[in-house]
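To start, the structure itself, in structure tokens.
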Amino acid sequence: MRKTLPGRARGFTLIEMIAAFVIFAIAVGALMQILTMSMNNARRSADETRAALWAQTLLDNVGVGERVEAGSSHGEFDRSYRWELQIDQIDPELVVADATEPSGNAASAPAAAAGAGLLPQIDLFHVVLTVIWGDGSHERQAQFSTLRTATADPNHSGSISGADLSGGRSNRGMSTDRAGQSRNPAGGGRR
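Be aware that the sequence shown starts at 1144, since it is given in this note's numbering, and climbs by one per residue.
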């Protein structure tokens, strides 16, 4: 047993100080890593939100003031974001196999009415918009799709050129980077 001199307080040993410093350094390192990951996730989320807003703006304007037509186009929103738009006409035979069969298909009644001459013939278009952002190896993309309709007869008084069948919302697909790795935009994790 060691005796202490009177008036002299017992302090920490060098080993105790080193151990405390190592524990503190590990804790600070872990905290910094968590903060870095949090900031990266916040930036990624902001980028995806900005891409979704750009996409909504562009998809809302498809068919407004002009007839919807099949084809593709591309452009830039700003220096960071660019887009590719693909519009494909959907074959009505694929949508409604038999309009006279009461299958419960929501498309059956309008198709039967159009066949009877009660409604104008409606063309259905699948619109796919890909928004791309980032640089080089960190390039990211998000894909959005919706359905649009247009009357086959542009002179029809009840023309619904460019109507949106998605209820005003785009169906958001998976985000992928250029390396082909997909990830769920909502979940944020890689698959």
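Here a beta-carbon is modelled for each residue, glycine too, at the ideal position from N, C-alpha and C.
- Within the same chain, Cβ atoms closer than 6 Å to the Cβ of Glu1227 are found at His1217 and Thr1273, the five residues on either side in sequence being excluded.
- Straight across, the Cα-Cα distance linking Ser1288 with Ala1189 is about 21 Å.
- Cα atoms of Glu1219 and Gln1176: separation of roughly 35 Å, rounded to the nearest angstrom.
- Comparing alpha carbon positions, the residue from Gln1232, Arg1210 and Ile1275 closest to Leu1196 is Ile1275.
- Take the alpha-carbon of Val1165 and the one of Arg1186: they are about 32 Å apart.
- Across the structure, Gly1172 and Asp1221 are spaced so that their CA atoms are roughly 37 Å apart.
- When the beta-carbon positions are compared, Gln1229 and Phe1268 stay at least 7 Å from each other.
- By the criterion of a C-beta distance shorter than 6 Å, Val1271 is surrounded in its chain by Gln1229 and Ser1288, once the five residues flanking it on both sides are discounted.
- In the structure shown, Gln1229 adopts extended strand secondary structure according to DSSP, grouped into three states.
- Pairing Gln1199 with Arg1210, the inter-Cα distance amounts to about 19 Å.
- In this model, Gln1286 and Gly1279 are separated by some 19 Å (Cα to Cα).
- Distances from the CA of Gln1264 to each of Gln1284, Arg1283, Thr1156 and Pro1235 were compared; the closest alpha carbon is that of Pro1235.
- In the DSSP assignment, the residues bridged to Leu1267 are Ile1233 and Thr1292.
- Residue state for Gly1172 is assigned as helix, using DSSP reduced to three classes.
- For Gly1279, the secondary structure class from DSSP, reduced to helix, strand or coil, is helix.
- Collapsing the DSSP output to three states places Ser1215 in a strand.
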